[in-house]
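Everything on this sheet refers to the single structure shown next.
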Amino acid sequence: MRTLAIIVLFGLVMAVLPVFGPTDFTLSFLTLMLLFAYLGQGWNILGGYGGQFSFGNTVFFGAGLYATVIVQVQFGLGPWLGLAAAILAGALVGLFIGWVSFRYGLRGSYFALVTLAFAEVFRIVANSVAITGAGAGLQVPLDPAPANLQFVGRESFYWIILALTVASLLLVWQMERSRFGAYLIAIRDDEDAARALGVDIFRTKLKAIVLVGALTGLGGAFYAQMFLYVDPHIAFGVAVSVEVLLVSIVGGMGTIFGPLLGAAALHLISEVARETMGNTPGLNLALYGALLVVMVTFLPKGLFGLATVSAGRLFKFRRS
Amino acid sequence: MLDPILLWSGLINGLLQGSIYALVALGLTLIYGVLHIINFAHGSLLMLAMYGVFLLFTNFGIDPYAALPILVIGMFALGYGLQRVLIGRASHGRDENILLVTLGISIVIENLALFFFQGDTRTIDVPYAFDSIEIAGVFVAIPRLIAFGAALLIAALLWLMIQRSDVGRAIRAVAKEKQGARLVGINVDHIYAVSYGIGIACLGAAACLLMPTYLVYPTVGHAFVLIAFTVVVLGGMGSFPGALLGGLLIGLCESFGGLFLGESFGQIGIFLVFIAVLLFRPSGLLGSRV
Amino acid sequence: MKKPTRSGNTRISRRSLVKGSASLAALTALGGFPQVLRAQGAAVKVGVLHPVTGAIAFAGTQARIGAEMAIEEINKAGGIKSLGGAMIEPVFGDTQGKPEIAATEVDRMANEGIVALIGSFASSNTLATTQAAAKHGIPCIVDVAVSDKIVGRGLDNVFRFSPGFGKCSEDALNNLVKINTAAGGIAKTVTIIHEDSLFGSGLAGLLNKRLPDFGFEVIETIAHATPTRDFGNVVTKLRAAKPDLIVPANYYNEYVLLARTMLQQRVEAKAVYSVLGGAASNYRFVKEHPKAAQYIMDCNHWADPRKDGTKALRAKVEATGKFFTYEIPMNYDCLHLCADALERAASADRAAVKSALAATNWKGMIMPYQAVEFDETGQNIHALPVNTQIIGDDIEIIFPEDLATAEAVYPMPARG
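Protein chains in written order, with the numbering used here: chain D, 1 to 320; chain R, 321 to 610; chain L, 611 to 1026.
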């Protein structure tokens, strides 16, 4: 119940923020941060709760991104159908990759590497076939109107991505308390024991990856609506795969607020690094990398680990 | 349909390119076999070694082949230090933390390189860069032939060292049974660092063999690291002969994929083979621990 | 500039308040102090946004150098005179080569109060930046990005200084035909080798469609990925097919590898004619691989070497140990163009600068354009690429004739 209260409070506070007239930069910054918190939550469900590390989540992101754009550009349909197509595309790609790799019992680094390889295969295919616009990519015509799901103001996408993030938090909160969630955690902790207890390993993992695919695909769809352009590199490059696992692990994987904390921390760090080293290219990102290593060294369980530890200490201190 | 000369060329170029992939993968497979970690800093450390070769050549006129011992020793020391001081400590024995630390290291190295070298592509112009011999109608650059021979030699030396030397025995012991090795008095942290060091030293050698015909820029490692993962899995994680065989096979796969499916789309062959191996023979072709 | 001001301030603070205000009044009467104040207070902020980290960091860094040098010059010459000698103050940004970062950077720069934006090299990033800037009414001067989708999207804040993709390929083709006809039509067959993203694929498509109209036969079109690690087989194909013309369209690294492999395997052709070739118009390539680079032709952006501005800029760039690549003069020109617009607008208001840009008729550029004038889509109607050839240790313009600094060496002699 406390968790639910925090989620609702977070949602409300963030939702009224635009009323206080933040700059467009603040809104864009927060929108990107929330988007990666949301995408990170996708990684967290499978990687953090289910113990199945993916190095290729961009494959779902890209599938959603392409689906939205293709529906609009190649079929002349609206963005709302594009959103549905993105969810479907992400889920289908999840089903396909999940079915193939879990059927053959891939785990650990083998599963991680197979997702990476699938992302590459998708990138190469997207780069070669006509429907994706091949290497040249596809562009959605610029026509800002709510009906086109294009907005000039930064607030609209901020609220949309915030809603997605809050929804993903609620989803994970619900999942933690569900049988499905318990199965996932059991698989992460000891797959053989879970099987002995009668958990259908294959089905549970498959459900999880399809869910992740759909969520991440939807994230890709909104990315498409924000920037209106897709090419194979944006859709299936390694950048998104790396960032979603970074935010989850840094924040604390397998925890409900991990990806959000991680995204906030990483985006703040990169902003601080830019502010301090801004005009010397390279140094800011080097500082970012160094801070990442430092953070792992001193916070082995992620930021959420820190938060719970200190909360625990505080509690103890008060009692004594 | 294809000209026989093209098939012949595909074979030769595939093997030559494959030997380079094998060299990069040898270190990665050792690190995986012993430490059980996927080293995400591998590509950026290769890049670092290549800049090393470049600097030695341009500042001191040291030929890349003469620089080989310097690079191998230097990279070993760097690798040993990194594992001992940074990776080992920061990881707290958690896989996901090792991933983050190696990722963090690679971000730091790549961006420092960007800072110092400005994203520029650098090459060295050795007098023998354009020497080539014709083998039945296909021209082969001499430096690439040297790299091929050296890759075979280095793989053999590594294998001998692991099989025959005391260090090798200790490494094998740690790879198989960490706790047991510790009980019989092996310093596991030291052996971890030695293994990581040797793995990185291989990159020093690879850099020396690559630079006469290749180029270096801050993100050059990306071009090799994914291929190296593929090679390691194909050969069997932790196996030197596997990495060699895997490297050559991936080289051939890329070469013939390019010929039959086009240079661009043909890249897909590598990853399809990769996926197939993961699914049907995850232990790899010669899969056994070091 | 900074030091004297600071020591002046401390001197004032040391004095007693009464004495201080009296001396301040005296200074004001002398008229020296307020001028400094005015010049500092009214600086005009201009955004300079390029990919200075990430995979295309090299081009972005070069572009920034060009912009910096122009700003330094403009400020040294007294800033924007119609604004009382206001200095141009650059606000630098880094797209990292990612559209989402690029768009966020625009919002940050808007927040810092930029009046205009220069950038952002890559087409995919420029699409995002121009769109983000539209909301703030910030006029964007597009430096290099070639995609023709950048203009004509109905955004009135986009002004592309450089030629787009269609213009480049059309000119490349026409110039090739002219050069070949002048030499007696010696070349008939062509092999195209291109990288597989927007620029290479698009170009190859256009060339494939149009080359047969001019009597050329395209033997083969080879697409390759970026990065490509080995061109052994591609070059063996070239040896077997023996095309008269080899047309590469790829980025610097692959270009260098390809050129070196061609030399290794002793490929001979009538010409190597590249379009927007990554290395063919790059002094680093000429200097480091003179043999592999010799006689390569390119159709690309290139500064007019006869102009004093070009000579001065090139000397200045080379004095810092950098290579004079086309990104530098193009961004240098873009900044001067921006200064021209500010001068005419006589205002640091975004809308005023936008209108001034739309009404531009400027001839101060060092690129070989007749002028800069924008059509209703925001495209500079005079922008064009030129043909260069590497001859000896320099890059010469060989076409069009009125700009040429050397005769084309065509067909190219054996380089063995």
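Ideal placement from N, C-alpha and C gives every residue a C-beta, glycine not left out. Predicted model only: the values in this text are computed from it and were never measured.
(message) Taking the beta strand (DSSP E) that R442/R belongs to, which residues open and close that run?
(response) Note, R442/R: premise wrong, no beta strand (DSSP E); not H, not E.
(message) Only counting the same chain, and skipping five residues up and downstream in sequence, which positions put a Cβ closer than 6 Å to that of A119/D?
(response) G56, T58, V59, F236
(message) If you reduce the DSSP assignment to three classes, tell me which class D189/D lands in.
(response) helix
(request) Excluding the 5 residues preceding and the 5 following P146/D in the sequence, name in chain order all residues of the same chain whose CB lies nearer than 8 Å to its CB. (result) S156
(message) Quick check: what's the CA-CA separation for I351/R versus Q483/R?
(response) 16 Å
(message) Is there a C-beta anywhere in chain R that falls below 8 Å from the one on F668/L?
(response) yes
(message) In whole angstroms, give me the CA-to-CA distance for L855/L and V882/L.
(response) 6 Å
(request) With distances taken Cα to Cα, identify the nearest neighbour of A797/L among V857/L, C778/L, V844/L. (result) V857/L
(message) What residue range does the alpha helix (DSSP H) around Y942/L cover?
(response) 937 to 955
(request) Count the other C-beta atoms from every protein chain shown that fall within 10 angstroms of the C-beta of L27/D, then say buried if there are 16 or more, exposed otherwise. (result) buried
(request) Give the straight-line distance between the Cα atoms of T831/L and A726/L, rounded to the nearest whole angstrom. (result) 41 Å
(request) Take I1007/L and list the residues in its own chain whose beta-carbon comes closer than 6 Å to its own, dropping the five residues that flank it on each side. (result) V996, T998, L1013, A1014, T1015
(message) Residues in the same chain with beta-carbon distance under 8 Å from F1009/L, minus the five sequence neighbours each way, listed in chain order, please.
(response) N785, K788, I789, V996, N997, A1018
(message) As a quick exercise: from M370/R, N417/R, F468/R, pick the residue whose alpha carbon is nearest that of F298/D.
(response) N417/R
(request) Please state if the CB of V800/L and the CB of F826/L are separated by a distance shorter than 8 Å. (result) yes
(message) To the nearest angstrom, how far is the alpha carbon of Q587/R from that of V552/R?
(response) 17 Å
(message) Just to check my reading of the structure: D943/L and M977/L have Cβ atoms closer than 8 Å, yes? What is that Cβ distance to the nearest angstrom?
(response) 5 Å
(request) Counting only the same chain and skipping the five closest in sequence on each side, list residues whose C-beta sits under 8 Å from that of R718/L. (result) G703
(request) Determine which residues of the stretch 48 to 81 of chain D have a Cβ less than 9 Å from any Cβ of chain L, and write them out in chain order. (result) none
(request) Alpha carbon to alpha carbon, how far is W99/D from A117/D? Give it in angstroms, no decimals. (result) 15 Å
(request) Express the C-alpha separation of N685/L and K917/L in angstroms, rounding to a whole number. (result) 21 Å
(request) Verify whether the separation of the beta carbon atoms of Y861/L and A890/L is less than 8 Å. (result) no
(message) For a contact defined as C-beta to C-beta under 7 Å, what are the partners of A410/R on chain D?
(response) V293, V296, T297
(request) Closer than 9 Å by beta-carbon distance: list the chain D residues that pair up with D717/L, in chain order. (result) T23, D24, F25, T26, L27, S28, F29, R154
(request) Counting only the same chain and skipping the five closest in sequence on each side, list residues whose C-beta sits under 8 Å from that of V844/L. (result) I803, I832, H834, L868, T871
(message) Can you tell me where the beta strand (DSSP E) holding D1004/L begins and where it ends?
(response) 1004 to 1009
(request) Using a Cβ cut-off of 8 Å, pull out every chain L residue sitting near Q225/D, in sequence order please. (result) Those within 8 Å of Q225/D in chain L number zero; the least Cβ separation is about 12 Å.
(request) Would you kindly report the start and end of the unbroken beta strand (DSSP E) that includes N1028/L? (result) This structure gives no information on residue 1028/L, because the portion of chain L shown stretches from 611 to 1026.
(request) Output the distance between the C-alpha atoms of A665/L and A136/D, rounded to the nearest integer angstrom. (result) 18 Å
(request) To the nearest angstrom, report how far apart L39/D and A966/L are at their CA atoms. (result) 43 Å
(request) Could you spell out where the beta strand (DSSP E) holding D908/L opens and where it closes? (result) 907 to 910
(request) Give me the Cβ distance between E722/L and L659/L, rounded to the nearest whole Å; I'm assuming they're in contact under 8 Å. (result) Contact flag wrong, Cβ pair sits at about 12 Å.
(message) Tell me whether the stretch 350 to 370 of chain R and the stretch 553 to 569 of chain R touch, counting them as touching only if at least three CB pairs, one residue from each stretch, are closer than 8 Å.
(response) yes
(message) Taking the alpha carbon of G217/D as the reference point, which residue from L95/D, E176/D, Q72/D, F61/D has its own alpha carbon closest?
(response) F61/D
(request) Residues of the stretch 225 to 240 of chain D with a CB closer than 7 Å to any CB of chain R: list them in chain order, please. (result) none
(request) Establish whether the CB of N431/R and some CB of chain B are separated by less than 8 Å. (result) The structure shown contains no chain B; its protein chains are D, R and L.
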